[in-house]
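Asker: This is the structure I have questions about; it appears just below.
There are 2 protein chains.
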Amino acid sequence: MASRTKLANEAWEALFRAQMTIAGEFEGAEEWGSLVPREYGVLYALSTAPGPLRITELCEDVLLSQPGMSRLIARLEDKGLLERVEDPSDARASRVRMTAEGMRTQRQVGAAHAREVGRLMTGGLDRDELTELRDLCQKLIGADDE
Amino acid sequence: MASRTKLANEAWEALFRAQMTIAGEFEGAEEWGSLVPREYGVLYALSTAPGPLRITELCEDVLLSQPGMSRLIARLEDKGLLERVEDPSDARASRVRMTAEGMRTQRQVGAAHAREVGRLMTGGLDRDELTELRDLCQKLIGADDE
DNA sequence: AGAAGATGCATGCGCACGCATGTATTTGCT
DNA sequence: AGCAAATACATGCGTGCGCATGCATCTTCT
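Quick look at the structure:
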């Protein structure tokens, strides 16, 4: 089954390069305001959550170490986009939520980012292919979790 | 065509998360010896090239800034895996090639890495799906280049 | 040939990251 | 109740990165 492994490596390299290339396009883009992609990622995660999130929860969602998240939140707090609220059921934890300006920024940057994503992704793939790609990627990591 | 953009964003998020998740698995893995993934990336690029590569060429291949590549090469040089050779046709350029030990390390780490990739990728996807994923990713970035 | 701009690479600097560790709080065991 | 282990977060420290910049060399134009 050597060729199965070879195929797996080709798929990984293609996946890796595709993500790096697209992400690279975003890095320098103007759409982020004064944020960087990962900072927007935190705002986005908060925007989809039902309530304030723990720092460790954000770590899992944004794929950042806990100390890194701790500092990232401090930066966004300094910018006035986030605020910490204490968890009533656990005095060790501190939950994070967006301020009004944070929500405004998230919507604004999110809209611009979505347009940019749409432009890059639909440039190369049609509807069916996008669906297929999405499903394959989800299946790929879905299997790892279990 | 709003739903087309929505689909594109779902596909991007899935692609992004899949790559980050899999790459995250590699970060901490033991397979790399004393290298990090990006350092192996340089050795791999050199292993597939017909001859010594320029620093700027490696930048494009490994998706790293030119100063970053300059230092990365210096580190690998210190480890004895790489050496610089001067370009006969351009005295500004310095080309890079692997030492014998570099080639040995590349093969060794490459084999271990390939096994790991195979394990993670084939865990979630079968043959046809891997092929499909590879082709979709290649098509996605292929379209951006032109 | 000579000057002006482009190109290839290296270095100073500030920043964000991960790892190791510290402190406070909670949980579990007896 | 009381102590040990686990958990949540913050901080010190070292390192790699990108940006701005500098130096050397090549290219182009006149």
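Keeping their order, the protein sequence lines are chains A and B.
Okay, so the first sequence: first residue is 95 according to our numbering, each after it adds one.
Okay, so the second sequence: first residue is 95 according to our numbering, each after it adds one.
From the three backbone atoms N, C-alpha and C, an ideal C-beta is built for every residue, glycine too.
1. Who are the near neighbours of Glu121/A in its chain, counting only those whose CB is closer than 6 Å to its CB and skipping five residues on each side?
2. Quick check on Val130/B: does DSSP put it in helix, strand or coil?
3. Secondary structure at Glu180/B, three-state DSSP: helix, strand or coil?
4. Helix, strand or coil: which one does DSSP assign to Ser188/B?
5. Under 8 Å Cβ-Cβ, which residues of chain B neighbour Gly236/A?
6. With a CB to CB cut of under 7 Å and the five nearest residues on each side skipped, what residues in its chain are close to Thr150/A?
7. Could you tell me if Glu104/B is buried or exposed, where buried requires 16 or more neighbouring beta carbons within 10 angstroms of its beta carbon?
8. Under the rule that 16 or more other beta-carbon atoms within 10 Å means buried, what is Gly162/A, buried or exposed?
9. For my contact list, Arg178/A and Val190/A are in at a C-beta cut-off of 8 Å; report their separation, rounded to the angstrom.
10. Identify the contact partners of Glu124/B in chain A, using a Cβ-Cβ distance below 7 Å as the criterion.
11. Note the first and the last residue of the continuous alpha helix (DSSP H) segment covering Pro161/A.
12. Using a beta-carbon distance below 7 Å, is Ala185/A in contact with chain B?
13. Applying a beta-carbon distance threshold of less than 7 Å, which residues of chain B neighbour Leu224/A?
14. Quick check: the stretch 123-138 of chain B against the stretch 203-212 of chain B, are there 3 or more CB pairs under 8 Å?
15. Could you please tell me which residues of the stretch 187-201 of chain B, in chain order, have their CB closer than 7 Å to any CB of chain A?
16. By the DSSP assignment, the alpha helix (DSSP H) with Leu154/A in it spans what residues?
17. What separation, rounded to the nearest whole angstrom, lies between the Cα atoms of Gly98/B and Arg221/A?
18. Counting C-beta neighbours from all protein chains within 10 Å, is the total for Gly217/A 16 or more, i.e. buried, or is it exposed?
19. Does the distance from the C-beta atom of Leu157/B to that of Met215/A stay below 7 Å?
20. Going by Cα to Cα distance, which pick from Thr193/B, Leu219/B, Glu133/B is closest to Pro146/B?
21. Is Asp172/A close to the ligand GTP? I mean its beta-carbon at under 6 Å from any heavy atom of the ligand.
22. So, using beta-carbon positions, are Leu230/A and Glu223/B closer together than 7 Å?
23. Which residues, in chain order, does the stretch 149-182 of chain A contribute to contact with chain B at a C-beta distance below 7 Å?
24. Could you tell me whether the Cβ of Gly204/A comes closer than 7 Å to any Cβ of chain B?
Answerer: In short:
1. None.
2. The answer is coil: DSSP assigns Val130/B none of H, G, I, E or B.
3. Three-state result, Glu180/B: strand.
4. Under the three-state reduction of DSSP, Ser188/B is assigned to strand.
5. Those are Gly218, listed as they occur along chain B.
6. Only Gln160 meet the Cβ criterion.
7. When all chains shown are included, Glu104/B counts as buried.
8. Counting every other CB atom within 10 Å of its CB across the protein chains shown gives Gly162/A a total below 16, marking it as exposed.
9. Contact holds; Cβ gap of about 6 Å.
10. From the beta-carbon of Glu124/B, no residue of chain A is found nearer than 7 Å; the closest lies around 18 Å away.
11. Segment 160-172, the alpha helix (DSSP H) holding Pro161/A.
12. False, the Cβ-Cβ gap to chain B never drops below 7 Å.
13. Going along chain B in sequence order, the residues near Leu224/A (Cβ under 7 Å) are Leu101, Ala102, Ala105.
14. Yes: the two stretches touch, three or more of their Cβ pairs being nearer than 8 Å.
15. So nothing in the stretch comes that close.
16. Checking the sequence shown, residue 154/A turns out to be Glu, not Leu. Unbroken alpha helix (DSSP H) run through Glu154/A: 149-156.
17. Here residue 98/B turns out to be Arg, not Gly, going by the sequence shown. Distance between Arg98/B and Arg221/A, taken at the CA atoms: about 7 Å.
18. By the neighbour-count definition (other C-beta atoms within 10 Å, threshold 16), Gly217/A is an exposed residue.
19. Not closer than 7 Å, so no.
20. Checking every option, the nearest Cα to that of Pro146/B belongs to Thr193/B.
21. This structure simply doesn't include the ligand GTP, nor any ligand for that matter.
22. A contact, by the Cβ cut-off of 7 Å.
23. Answer set for the stretch 149-182 of chain A: Leu157.
24. Between Gly204/A and chain B, the shortest Cβ-Cβ separation is not below 7 Å.
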